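Colleague: Dumping the structure here so I can ask a few things about it.
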Amino acid sequence: MNIRLFVDRWLAPAAILISIAALQYPAGFVWMKPHISILLGVIMFGMGMTLELRDFQRILQNPRLLAAGVLAQFVMMPLLGFTIARCFRFEPALLAGFVLLGACPGGTASNVMAYLARANVGLSVSLTLTSTLLAPLLTPWLTWLYAHQAVDVNAIALMKNIFWIVLFPLIDGLILRHFFRSTVFRFLDYFPLISAAIIVAVIGCVVGLNADHIRQVTALVALAVMLHNAAGLGFGYLVGKCVSRESAICRTMAFEVGMQNSGLAVALALQTSSFGAAAALPGALFSLWHNITGAALAGRWSQGENK
Numbered sequence: 000m001n002i003r004l005f006v007d008r009w010l011a012p013a014a015i016l017i018s019i020a021a022l023q024y025p026a027g028f029v030w031m032k033p034h035i036s037i038l039l040g041v042i043m044f045g046m047g048m049t050l051e052l053r054d055f056q057r058i059l060q061n062p063r064l065l066a067a068g069v070l071a072q073f074v075m076m077p078l079l080g081f082t083i084a085r086c087f088r089f090e091p092a093l094l095a096g097f098v099l100l101g102a103c104p105g106g107t108a109s110n111v112m113a114y115l116a117r118a119n120v121g122l123s124v125s126l127t128l129t130s131t132l133l134a135p136l137l138t139p140w141l142t143w144l145y146a147h148q149a150v151d152v153n154a155i156a157l158m159k160n161i162f163w164i165v166l167f168p169l170i171d172g173l174i175l176r177h178f179f180r181s182t183v184f185r186f187l188d189y190f191p192l193i194s195a196a197i198i199v200a201v202i203g204c205v206v207g208l209n210a211d212h213i214r215q216v217t218a219l220v221a222l223a224v225m226l227h228n229a230a231g232l233g234f235g236y237l238v239g240k241c242v243s244r245e246s247a248i249c250r251t252m253a254f255e256v257g258m259q260n261s262g263l264a265v266a267l268a269l270q271t272s273s274f275g276a277a278a279a280l281p282g283a284l285f286s287l288w289h290n291i292t293g294a295a296l297a298g299r300w301s302q303g304e305n306k
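With numbering that gives the first Met the number 0, letter number 83 in the sequence shown gets 82, and the count goes up by one each step, no holes.
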């Protein structure tokens, strides 16, 4: 069995097992928290080595892909969160939590899943960067529009985060590929396994950090989170179908719309006293669930490419 096939088959089961372990024994995983940025940076550095400048030039030449992805992200996800919460008749704090979750930008996990699913990594990274740049303006506005709650997004901290975790290591990878192409190519076959191992470790840490919140989630809230994620993934895929016939574009749109920066949603909910403690629950469970569904889809789609 080659490395890629091994990753395709075992990524989702590994994500599920590590999540269960982290829920049972959070202390065994939360120690990684100070190192998450470095670990994600390593993944982005490796992704940079798989890309070239022309990958991003093609995206700039077709700006409707970026526009469609960003619009789908910020229009549908908060609307879906609001609609689902209203249909389930959740209390105001939970409704605010679902809206806030939907109003947050895409996260780095979507880039990893796009890479593992053989999607368009350049587009995925571009969409994550664009949505993050817009988040300081759109996240508070959308949260106020749907939930009538004010949140304060630290734009400087968010920009620093996205620079050091995504942009800087990605550029380093691009440069390394440009100057040491033959050397880089010898290691690229091992990178899916390295990426998968890191993302599984990060999932364990994230679940461990949110274990207390996740344990408080009721079956109804869990169902709502699953619906939110599934609807986002499905709608994102349909948007991809509307703007492109390429399956790689459709996969990318699915991940970028259906996977959120749930860590930011939890942090904003906890630091905003007017929300109430329950507002952090949707983001906490989403941090677990979207990684499991993302890993499952990445494995399935990647195996489809192997056939």
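Think of the CB as a built atom: it goes at the ideal place given N, C-alpha and C, for glycine as much as any other residue.
Just so it is clear, the structure is predicted and the values come from calculations on it, not from any experiment.
1) How about the stretch 75 to 93 and the stretch 110 to 117: do they share at least three Cβ pairs that are nearer than 8 Å?
2) Between which two residues does the alpha helix (DSSP H) holding H212 run?
3) Just to confirm my understanding: we take L169, look at its own chain, exclude 5 residues before and 5 after, and list those with CB closer than 6 Å. What are they?
4) Count the other C-beta atoms from every protein chain shown that fall within 10 angstroms of the C-beta of D151, then say buried if there are 16 or more, exposed otherwise.
5) Check whether the stretch 241 to 253 touches the stretch 89 to 101, counting contact only when three or more Cβ pairs, one atom from each stretch, lie closer than 8 Å.
6) Is it buried or exposed for H177, if we count other Cβ within 10 angstroms and need 16 for buried?
7) Sort A20, A264 and C204 by Cα distance to L141 and report the nearest one.
8) Closest to I355 by CA distance: which of S261, F5 and H34 is it?
9) Among the residues of its own chain, which have a CB less than 6 Å from the CB of N160, if the five just before and after it don't count?
10) Taking T127 as part of the alpha helix (DSSP H), name the residues at either end of that continuous run.
11) Which first and last residues belong to the alpha helix (DSSP H) in which G27 is found?
12) Under 8 Å, with one C-beta from each stretch per pair, do the stretch 197 to 204 and the stretch 263 to 283 reach the 3-pair mark?
13) Is it right to say C249 is buried, meaning 16 or more other beta carbons lie within 10 angstroms of its own, or is it exposed?
14) Any contact between the stretch 98 to 108 and the stretch 128 to 145? By contact I mean 3 or more CB pairs, one from each, below 8 Å.
15) With a Cβ-Cβ cutoff of 9 Å, do S18 and N290 count as a contact?
Modeller: Let me lay it out:
1) no
2) A210 to R214
3) M43 and G47
4) exposed
5) no
6) exposed
7) A264
8) Shown here, the chain extends from 0 to 306; a query on residue 355 therefore has no answer.
9) none
10) V120 to A146
11) No alpha helix (DSSP H) contains G27, which DSSP labels as neither H nor E.
12) no
13) buried
14) yes
15) yes
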